[in-house]
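Following: one structure in structure tokens, then a few remarks.
Below you can see the structure in the form of structure tokens.
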């Protein structure tokens, strides 16, 4: 599966970079996330509950950051095990660019699944992955948006 996208975030690039590397911010933004722990400057572990069609599972995974170029981007690689549901693994290239008072985040994802997940069918998996990415970025943009109600 491959997926690409772009999001405008109403915050400076440095602030976006910091939140993308903040375990608490990631936990708030990842759909179904139960925990995110930073185990080193370039590694995280996470527990996520996900439902893909009829398959629901708890995934435990490890994420590694490479090609670090703060605050311009990096490559995220990860693999998660979902028990009998199977596994998911993949990587994403993330690039951040200043544009006025905003940051443009561009991403390209390559992923594969195995086990029961692989039997579901690529259209359902692609749709679920796109929805999860949309949910993540909607939450992330909301987290980064200055509150209009602050007085």
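Numbering (the working numbering), first residue to last: 221 to 371.
Glycine included, every Cβ here is placed at the ideal spot set by N, Cα and C.
Whole angstroms are fine: how far does the CA of residue j sit from the CA of residue i?
i	j	result
residue 374	residue 249	The chain is shown from 221 up to 371; residue 374 falls before or after that span and cannot be answered.
residue 245	residue 336	30 angstroms
residue 330	residue 283	14 angstroms
residue 292	residue 346	27 angstroms
residue 307	residue 299	7 angstroms
residue 227	residue 286	21 angstroms
residue 230	residue 325	11 angstroms
residue 334	residue 297	17 angstroms
residue 365	residue 252	22 angstroms
residue 317	residue 236	10 angstroms
residue 351	residue 309	17 angstroms
residue 276	residue 304	10 angstroms
residue 342	residue 272	11 angstroms
residue 170	residue 321	Nothing about residue 170 can be read from this structure; the chain reaches only from 221 to 371.
For a test of the three-state rule: what should DSSP assign to residue i, helix, strand or coil?
i	result
residue 311	strand
residue 255	strand
residue 292	coil
residue 231	coil
residue 223	strand
residue 354	helix
residue 370	Its pLDDT being 46, under 50, residue 370 is placed unreliably in this model, and the value from its coordinates should be taken loosely. Coil.
With distances taken from CA atoms, which of the options is nearest residue i?
i	options	result
residue 378	304, 281, 314	Residue numbering for the chain in the displayed model covers 221 to 371; residue 378 lies beyond these limits and cannot be assessed.
residue 254	351, 240, 327, 279	279
residue 328	304, 311, 236	311
residue 233	290, 264, 363	290
residue 267	261, 259, 260, 247	247
residue 302	269, 323, 288	269
Flag this pair as yes or no: are the beta carbons of residue i and residue j separated by less than 8 angstroms?
i	j	result
residue 274	residue 257	no
residue 332	residue 221	yes
residue 223	residue 349	yes
Quiz prompt | alpha helix (DSSP H) runs wholly inside the segment 301-348, at least 4 long, in chain order | solution = 336-340
Quiz item: In chain order, which continuous runs of the beta strand (DSSP E) of length 3 or greater are located wholly inside the segment 237-285?
Solution: 253-260, 263-272
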